[in-house]
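Here my numbering runs 3 ahead of the position in the sequence shown, where the first position is 1.
All residues carry an ideal CB built from backbone N, CA and C; glycine is no exception.
These numbers come from a predicted model, not from an experiment.
Note sheet for the following structure.
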Amino acid sequence: MWNIAVPWWELVLRSTVVYVFLLALIRITGKRQIGQLAPFDLVLLLVLSNAVQNSMNAGDNSLIGGLLSATTLIVLNSLIAYATHRSKRIEALVEGRPQVLIHNGKLYSQVMLDANLTHHELTSALRQAGCLAVEDVHYAVLENNGSISVVAKK
4 MWNIAVPWWE
14 LVLRSTVVYV
24 FLLALIRITG
34 KRQIGQLAPF
44 DLVLLLVLSN
54 AVQNSMNAGD
64 NSLIGGLLSA
74 TTLIVLNSLI
84 AYATHRSKRI
94 EALVEGRPQV
104 LIHNGKLYSQ
114 VMLDANLTHH
124 ELTSALRQAG
134 CLAVEDVHYA
144 VLENNGSISV
154 VAKK
């Protein structure tokens with residue numbers, strides 16, 4: 004329970020590699036997945052966490068090893084949060100930039116395609132903002148957190 008099977012630094016290194024890999028993978032898959040978890044997305048995250056567990060702990064099931072891995076992940080997350088707060092460049096790399104979906108009633112289909120955003124998801128956001136059609140929208144923006152902000156035409 005108290006004896007770790009691998010050197011402490013290996014647990015820290017493995018946890019760091021897995022954290023950076025998953026951060027990059029989630030960033031590549033798009034904003035929609037972060038802000039709007041469907042049931043299958045939640046299942047994917049749960050299964051994904053189980054899938055990478057062994058690559059982080061190297062077969063070590065000790066209490067100390069688990070606590071060290073968890074501490075490493077929390078410290079890395081805090082460092083990333085601090086870095087994105089201090090640097091706009093790092094923020095853009097980690098979190099991305101908001102993307103304009105509609106401007107003055109013109110829909111940018113390529114932006115929707117790049118963001119893996121369906122027309123159903125967009126029209127749902129438009130309805131929530133009180134717009135019945137794309138032509139009623141001054142602008143709509145896909146935010147970094149995956150939500151869609153809509154401003155109706157006056």
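C-alpha gap between residue i and residue j, whole angstroms
i, j, result
"residue 114", "residue 105", "9 angstroms"
"residue 108", "residue 157", "12 angstroms"
"residue 143", "residue 27", "26 angstroms"
"residue 9", "residue 63", "7 angstroms"
"residue 24", "residue 155", "39 angstroms"
"residue 16", "residue 61", "11 angstroms"
"residue 56", "residue 30", "20 angstroms"
"residue 121", "residue 127", "10 angstroms"
"residue 89", "residue 50", "33 angstroms"
"residue 123", "residue 101", "20 angstroms"
"residue 21", "residue 75", "11 angstroms"
"residue 130", "residue 140", "11 angstroms"
"residue 78", "residue 32", "24 angstroms"
"residue 85", "residue 138", "40 angstroms"
"residue 53", "residue 68", "16 angstroms"
"residue 134", "residue 94", "31 angstroms"
"residue 83", "residue 7", "27 angstroms"
Where the alpha helix (DSSP H) containing residue i begins and where it ends
i, result
"residue 21", "11-32"
"residue 77", "66-89"
"residue 135", "Element bounds for residue 135: n/a, residue is neither H nor E."
"residue 104", "No alpha helix (DSSP H) holds residue 104; the beta strand (DSSP E) holding it covers 102-106."
"residue 117", "112-117"
Proximity winner among the options, relative to residue i (alpha-carbon distances)
i, options, result
"residue 70", "81, 88, 55 and 18", "18"
"residue 147", "98, 60 and 58", "98"
"residue 152", "125, 12 and 14", "125"
"residue 158", "79, 66, 49 and 133", "One cannot answer for residue 158 here, as it falls past the ends of the chain, which runs 4 to 157."
"residue 149", "118, 140 and 135", "118"
"residue 12", "94, 72, 52 and 136", "72"
"residue 59", "87, 14 and 83", "14"
Endpoints, the beta strand (DSSP E) within which residue i is located
i, result
"residue 145", "140-145"
"residue 152", "151-155"
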